């Protein structure tokens with residue numbers, strides 16, 4: 001049993017029903033085609049779309065999505081192929097993907113900058129925001145002509161990570177150190193300029209800003225690290241705060257630049273602060289310091305007042321299915337509590353070579369293609385998706401409404417309250433077989449107890465406490 005068993009979160013996974021429709025996307029579950037195109041420190045450029053042959057087999061890939069009930073996706077434009085010379089745009093490298101999505105009726109969020117950019121571009125140059133805006137304008141014009149309905153863009157994928165990896169520690173292009181804050185500000189300027197340019201071409205264009213959702217904690221035996229851990233934790237919000245104008249208003253941010261908040265969440269996104277030479281302690285579900293995902297989603301929604309999309313989530317190997325069940329269950333739990341989670345994107349949807357070592361990463365629903373474009377599916381992740389698509393997650397609200405309708409006035413005596421509990425016994429008995437503690441986690445047992453307490457409180461209201 002892996003540490004993130006679906007039993008930890010999938011309280012909604014009971015019987016009939018279907019995953020909720022999203023008012024933003026045509027299906028609650030989306031599939032993300034990894035589209036990173038950055039350079040390694042060796043100088044070699046990564047092109048995951050080419051490595052997975054998604055550009056060659058886009059028609060089959062999008063048909064596979066529809067075949068499993070997925071009608072939304074993330075995909076990317078490879079800027080380095082489109083603008084080989086400054087100001088000259090050739091979108092032939094993206095045409096097969098765009099048209100395949102259109103023909104299959106898949107709504108796509110198109111990434112404009114997914115870590116990679118043309119070699120002539122200097123991210124630190126004062127003219128970079130204008131250069132990126134011109135590309136965004138051309139990309140919007142191209143996509144608008146090829147895309148029915150709403151056009152969705154992600155201007156810069158993970159500003160925070162690119163600023164850290166490329167500007168602070170030299171892991172990604174442009175391979176500099178100790179300039180992370182400067183690069184973050186530049187990327188925010190560029191994203192704002194790109195959104196303005198896109199809106200000039202299509203005033204109705206929508207945006208998703210995908211940023212890592214993390215937790216950085218300190219070890220309880222190292223109280224001197226608490227301040228630094230808190231600073232690192234809060235830094236995850238800086239890019240969105242800059243875009244909204246709450247932080248560094250000199251960059252030109254405003255609330256109009258926030259649309260849908262994308263949160264990228266993986267098993268290793270919670271950890272304890274550590275010194276550089278120390279191994280990272282990951283806080284998986286079940287760890288005493290782990291913070292529940294519904295709580296993190298709620299905090300993000302409250303902070304920005306915008307709908308949320310879990311824009312990336314996944315893991316490798318045999319744990320793929322359990323992780324999807326865990327995250328999807330957490331998303332549905334959050335929705336039940338009123339958090340506007342509008343979708344979950346399986347990311348990546350197809351296996352790909354590792355960034356650093358070209359290893360075969362088994363982290364998608366489908367594997368590498370054969371010569372005809374057929375991709376074998378992972379049966380465990382397939383089944384987890386199928387189950388999540390049929391969850392009945394609305395029963396709790398129905399039970400509350402039914403109970404309140406049956407008992408519109410509070411009981412006058414304790415005896416009357418007990419009689420009402422007896423009347424609710426059939427409801428308890430009907431749900432008990434599905435929620436039996438045998439073989440389930442302690443968390444699920446507590447959920448059953450919570451239901452029983454809720455039923456008690458519905459009958460024995462404060463006004464009935466005396467008598």
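In the UniProt record's numbering, the protein residues as written are 1 to 467. Every residue gets a Cβ at the ideal spot worked out from N, C-alpha and C, and that includes glycine. On a predicted model such as this, the values are computed, not experimentally measured, just so you know.
| Asked | Found |
| --- | --- |
| So, at 7 Å on beta carbons, what are the nonlocal neighbours of residue 348 in its own chain, with the 5 sequence-adjacent residues on each side left out? | 32, 33, 34, 314, 363 and 364 |
| Across which residues does DSSP place residue 270 in a beta bridge pair? | 215 |
| In three-state DSSP terms, what is residue 224? | helix |
| Tell whether a beta-carbon distance below 9 Å holds between residue 345 and residue 316. | no |
| Who are the near neighbours of residue 396 in its chain, counting only those whose CB is closer than 6 Å to its CB and skipping five residues on each side? | In this prediction, residue 396 has a pLDDT of 38, which is less than 50 and means its spatial position is unreliable; what the coordinates show is noted afterwards. Cβ neighbours of residue 396 beyond the five flanking positions: none. |
| Around the Cβ of residue 52, are there at least 16 other Cβ atoms within 10 angstroms (buried) or fewer (exposed)? | buried |
| If residue 150 and residue 204 are in contact, beta carbons under 8 Å, what's the gap, nearest whole angstrom? | 7 Å |
| State the CB to CB distance for the pair residue 339 and residue 301, rounded to an integer number of angstroms; the pair is presumed to be in contact (CB under 8 Å). | 5 Å |
| Hey, how far is the Cα of residue 295 from the Cα of residue 227? | 22 Å |
| Which term fits residue 132, buried or exposed, when burial requires 16 or more other beta carbons within 10 angstroms of its beta carbon? | buried |
| Between which two residues does the alpha helix (DSSP H) containing residue 75 stretch? | Counting along the chain, residue 75 falls outside any alpha helix (DSSP H), though it belongs to the beta strand (DSSP E) covering 72-76. |
| Would you check if there are 3 or more beta carbon pairs closer than 8 Å linking the region 278-288 to the region 234-244? | no |
| Please name the residue, chosen from 80, 255 and 219, that lies closest to residue 49 on a Cα-to-Cα basis. | 80 |
| Tell me the rounded alpha-carbon separation between residue 393 and residue 343. | Note that residue 393 has pLDDT 46, beneath the 50 cutoff, so the model's placement of it is unreliable and the number below is only indicative. Each residue's Cα considered, the two are about 15 Å apart. |
| Give me, in chain order, the residues of the same chain whose beta-carbon lies closer than 7 Å to that of residue 146; leave out the 5 immediate sequence neighbours on both sides. | 98, 99 and 102 |
| Count the other C-beta atoms from every protein chain shown that fall within 10 angstroms of the C-beta of residue 305, then say buried if there are 16 or more, exposed otherwise. | exposed |
| Looking at the structure shown, is residue 282 part of a helix, part of a strand, or coil, going by DSSP? | strand |
| For residue 150, name the three-state secondary structure that DSSP assigns. | coil |
| Give the single residue among 173, 27, 171 and 60 whose Cα lies nearest to the Cα of residue 107. | 27 |
| Mind reading off the beta-carbon distance from residue 82 to residue 75? Whole number of angstroms is fine, and I expect it under 8 Å. | Not confirmed; about 14 Å, so no contact. |
| Since residue 85 sits in a beta bridge, which residues does DSSP pair it with? | 88 |
| Under the rule that 16 or more other beta-carbon atoms within 10 Å means buried, what is residue 268, buried or exposed? | exposed |
| Suppose the cutoff is 6 Å on Cβ atoms and the five residues either side in sequence are ignored; what does the same chain contact list for residue 156 look like? | 113, 187 and 191 |
| Skipping 5 residues on each side, what residues in its chain have a beta carbon closer than 6 Å to that of residue 547? | Past the boundaries of the shown model lies residue 547; the chain is included only from 1 to 467, so the question cannot be answered. |
| Give the range of the beta strand (DSSP E) segment to which residue 343 is assigned. | 341-346 |
| Going along the chain, which unbroken runs of the beta strand (DSSP E) with 3 or more residues stay wholly within the region 308-384? | 308-313 and 341-346 |
| Do you know whose CA, among 129, 293, 175 and 154, lies nearest residue 140's CA? | 154 |
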